[in-house]
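J.: Residue numbers (the working numbering), protein chains in the order written: chain Z, 1 to 196; chain W, 197 to 392.
Yeah, the Cβ is synthetic: ideal placement off N, Cα and C, and Gly gets one too.
#1: Rounding to the nearest angstrom, what Cα-Cα distance links residue 68 of chain Z and residue 74 of chain Z in this structure?
#2: If you draw a straight line from the alpha carbon of residue 29 of chain Z to that of residue 46 of chain Z, how long is it in whole angstroms?
#3: Whole-angstrom Cβ separation of residue 147 of chain Z and residue 374 of chain W, contact assumed at under 8 Å?
#4: What are the residues in the region 339 to 366 of chain W lying within 7 Å of chain Z by C-beta distance?
#5: I need the straight-line Cα distance from residue 196 of chain Z to residue 182 of chain Z, nearest angstrom please.
#6: Touching or not, the region 39 to 58 of chain Z and the region 115 to 134 of chain Z, by the rule of three or more beta carbon pairs under 8 Å?
#7: Determine the DSSP secondary structure at residue 319 of chain W, reduced to helix, strand or coil.
#8: Any beta carbon from chain W within less than 9 Å of residue 191 of chain Z's own beta carbon?
#9: How is residue 180 of chain Z classed by DSSP in three states: helix, strand or coil?
#10: Give the range of the beta strand (DSSP E) segment to which residue 158 of chain Z is assigned.
#11: If I measure Cβ to Cβ from residue 192 of chain Z and keep anything under 7 Å in the same chain, skipping five residues before and after, which residues do I get?
#12: Whole-angstrom Cβ separation of residue 80 of chain Z and residue 276 of chain W, contact assumed at under 8 Å?
#13: Residue 148 of chain Z bridges to which residues according to DSSP?
#14: Give a yes or no on whether 9 Å exceeds the smallest Cβ distance from residue 43 of chain Z to chain W.
#15: Out of W/280, W/221, W/283 and W/214, which has the shortest C-alpha to C-alpha gap to residue 314 of chain W?
#16: Just to confirm the assignment: which complete alpha helix (DSSP H) runs, minimum length 4, are found wholly within the region 246 to 308 of chain W?
#17: Among the residues of its own chain, which have a CB less than 6 Å from the CB of residue 77 of chain Z, if the five just before and after it don't count?
#18: Buried or exposed: which applies to residue 250 of chain W, given that a residue is buried once 16 or more other Cβ atoms fall within 10 Å of its Cβ?
#19: To be precise: take each residue of the region 76 to 87 of chain Z, compare its Cβ to all Cβ atoms of chain W, and keep it if any distance is under 9 Å. Which residues remain?
#20: Please state the DSSP three-state secondary structure of residue 194 of chain Z.
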């Protein structure tokens, strides 16, 4: 790899590190709110991924030739990746609370309804307009402020789904977004709303 | 305080804990992207707040009478508050990277443009339609998917501003939201866009 390629690779990995750790916080709180061990397990899996990513970032940063002046900048990168990994670890610990199986206190699910940005879980009905459309075509983020963070299909979860993902009947989707778009999403998924 | 009041108080504190720790992650990454020591300092301040909040939650949970069966549920609450505080600690460490003053590597600001959900910083111009309106009236979250996470006025920062906050000329606002609404926000703030 040339130095330029290494820079591009480093940049992409840093974007991935930021997005993955933010997703882990989202998923860990979702696991808690929905009492979902499946989502909690995904947080545990992502923690391993972040561990690997962090090592790759550090090795790449160390392999780029630099002057003494530039060394301080690279040290910042290494410190950032260390701190990001701590975010991942903290999300992991939150997920472990769910996995250890202590019965959720009845207060916990309520926290979700009062926050400004909320997590929503809907099942796509056979008669929903969402069926057969890609996430890009639906543009839930742009239109109703709901970002799809995970999709469950045939018992298998996909996190941070690609914009080309085509939704199918019986998919379960988890979104993060503003309370305003929550009801609209539920109505779209159930088939009660056909235009938006 | 009656047992009912304690439950309400516990619920409100848990919502606050979740929102504050999520905000801290947002702000810590913002501090890094913008190289802002001011925002980083706020993360440090919020960490102290979360420490106090956690203690209050634990003391309240312990002061509610419960049966042996219910004790497990309360233990979950205590574990959740511990894990949430770890999230706060991790955000704090990320903020410290900014505060320690290591020169940011040129790659860091780029990470912001490529992520799906982005942080935007705009200054409200005198001729902007935003001047004199409350956040509720503007409804940036509902209309362009941009949630205002912080406002700077006369050098002072306000985080998670209230919906009744009236915007003034020269306010600097930081939002979190989808890339689609970013340009619109910039145009609204500069005065180039007067309707949305």
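T.: Working from what's here:
#1: In the first chain, counting from the first residue as 1, residue 68 of chain Z sits at position 68. In the first chain, counting from the first residue as 1, residue 74 of chain Z sits at position 74. Their backbone Cα atoms lie some 10 Å apart in a straight line.
#2: Locating residue 29 of chain Z in the first chain gives position 29, where the first residue counts as 1. Locating residue 46 of chain Z in the first chain gives position 46, where the first residue counts as 1. Whole-angstrom Cα-Cα distance: 14 Å.
#3: As a position in the first chain, residue 147 of chain Z is number 147, starting the count at 1. As a position in the second chain, residue 374 of chain W is number 178, starting the count at 1. So it is a contact: roughly 7 Å between Cβ atoms.
#4: 341 and 343
#5: For this step, residue 196 of chain Z is matched to residue 196 along the first chain. For this step, residue 182 of chain Z is matched to residue 182 along the first chain. For residue 196 of chain Z and residue 182 of chain Z, the distance between alpha carbons rounds to 13 Å.
#6: no
#7: For the purposes of this step, residue 319 of chain W is taken as the residue at position 123 of the second chain. Looking at residue 319 of chain W - three-state DSSP - the assignment turns out to be strand.
#8: For the purposes of this step, residue 191 of chain Z is identified with residue 191 of the first chain, where counting begins at 1. No, its Cβ sits nowhere closer than 9 Å to a Cβ of chain W.
#9: Working through the first chain from its first residue, we reach residue 180 of chain Z at position 180. If DSSP states are grouped into helix, strand and coil, residue 180 of chain Z belongs with the helices.
#10: Mapped onto the first chain, residue 158 of chain Z falls at position 158. Residues 156 to 159.
#11: Here residue 192 of chain Z refers to the residue found at position 192 of the first chain. Taken in chain order, the list of residues that qualify is empty.
#12: Within the first chain, residue 80 of chain Z is the residue found at index 80, counting from 1. Within the second chain, residue 276 of chain W is the residue found at index 80, counting from 1. No, residue 80 of chain Z and residue 276 of chain W are not in contact; Cβ-Cβ is about 27 Å, not under 8 Å.
#13: Looking up residue 148 of chain Z in the first chain gives position 148. The partner list for residue 148 of chain Z (beta bridge, DSSP) reads Z/175.
#14: Working through the first chain from its first residue, we reach residue 43 of chain Z at position 43. No, residue 43 of chain Z does not count as interfacial toward chain W.
#15: The sequence position of residue 314 of chain W within the second chain is 118, counting from 1. Comparing Cα positions, the closest option is W/221.
#16: 264 to 295
#17: Stepping through the first chain from its first residue, residue 77 of chain Z is reached at position 77. Here the set comprises 61.
#18: Reading the second chain from its first residue, position 54 is the one you call residue 250 of chain W. The residue is buried, with at least 16 neighbouring Cβ atoms inside 10 Å.
#19: 76, 77, 79, 80, 82, 83, 84, 85, 86 and 87
#20: Along the first chain, one-based indexing puts residue 194 of chain Z at 194. In the structure shown, residue 194 of chain Z sits in coil (DSSP, three-state: anything other than H, G, I, E or B).
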